[in-house]
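Novice: Numbered by the working numbering, the letters in the sequence shown go through residues 1 to 239 in order. For each residue, glycine too, the CB sits at the ideal point set by N, CA and C.
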Amino acid sequence: MAGHSKWANIQHRKGRQDEKRGKIWTKLIREITVAAKLGGGDVATNPRLRLAIDKAKDSNMPNDNVQRAIQRGTGSLEGVNYEEIRYEGYGMNGAAIIVDCLTDNRTRTVAEVRHAFNKNGGNMGAEGSVAFLFKHCGQMLFAPGTSEDQLMEVALDAGAEDVITHDDGSLEVLSPVPEFSKVQDAISQVGLKPELATVAMRPETEIALEGEQAESMQKLLDALENLDDVQEVFTNAAL
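1. Is there contact here, the segment 31 to 43 with the segment 64 to 72, by at least three beta-carbon pairs under 8 Å?
2. Within 10 angstroms of its Cβ, does L38 collect 16 or more other Cβ (buried), or is it exposed?
3. Is it the case that the Cβ atoms of L151 and L174 are separated by a distance below 8 Å?
4. Do you know how far the Cα of I98 is from the Cα of G122?
5. What residues are listed by DSSP as bridge partners for F134?
6. Can you tell me where the alpha helix (DSSP H) with L51 in it begins and where it stops?
7. Just to confirm, are E88 and V154 a CB contact at a threshold of 8 Å?
8. If L209 sits next to M92, beta carbons under 8 Å apart, how far is it from one beta carbon to the other, in whole angstroms?
9. With a threshold of 7 Å on Cβ separation, who are the neighbours of E148 within its own chain once the five nearest residues in sequence on each side are excluded?
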């Protein structure tokens with residue numbers, strides 16, 4: 001991670017997401033609905049639903065909205081039927097991008113995603129063209145100053161794969177997806193709170209972009225994230 005700040009990147013990203021809170025709620029409602037449809041409405045047996053609800057709470061979404069989304073997913077309320085689609089592509093300097101969508105209209109979604117890539121200097125790639133550059137894993141990031149020894153002991157005992165210390169002093173815990181909730185609970189029980197806790201496509205290596213390239217890449221990422229059908233955008237670009 002030399003040459004850029006993992007912590008600053010996360011803070012910047014969170015700030016941009018806070019500016020889009022209304023759109024974030026819409027995306028979270030879709031995710032809760034699909035998670036409940038696929039795994040049931042019980043958070044104790046559905047880690048994906050639990051993660052989506054945790055994110056909803058972090059975004060101050062009213063509980064009524066959460067419950068209605070669960071009911072639509074489990075079929076006790078009528079709702080739209082969404083399908084999951086992933087698109088892959090490239091941004092500035094060949095930086096890889098993964099775009100995860102939930103849509104009720106595949107034709108509309110692919111057209112909008114392709115347009116966002118083309119209009120902002122990127123290119124859509126074929127399925128599998130960049131996914132191999134990422135690892136699907138649980139990811140938690142802790143602020144500089146967090147006790148490394150305590151975090152490492154608790155996380156590894158609970159099933160984490162690795163605890164990484166970055167140049168800026170932030171700490172990152174990586175876990176297998178099935179162990180994510182267990183690791184998160186163990187860390188919470190000792191009073192440590194991550195700034196970021198999610199299941200993500202984490203880049204194995206990063207491409208540093210600066211100046212105009214970084215600005216252009218941010219514009220492309222924003223255009224993709226602003227699409228109604230896009231849930232998550234992952235990139236190996238470090239801006």
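Specialist: So, from the listed chains and residues:
1. yes
2. exposed
3. no
4. 12 Å
5. P203
6. 47 to 58
7. no
8. 6 Å
9. T165, L171
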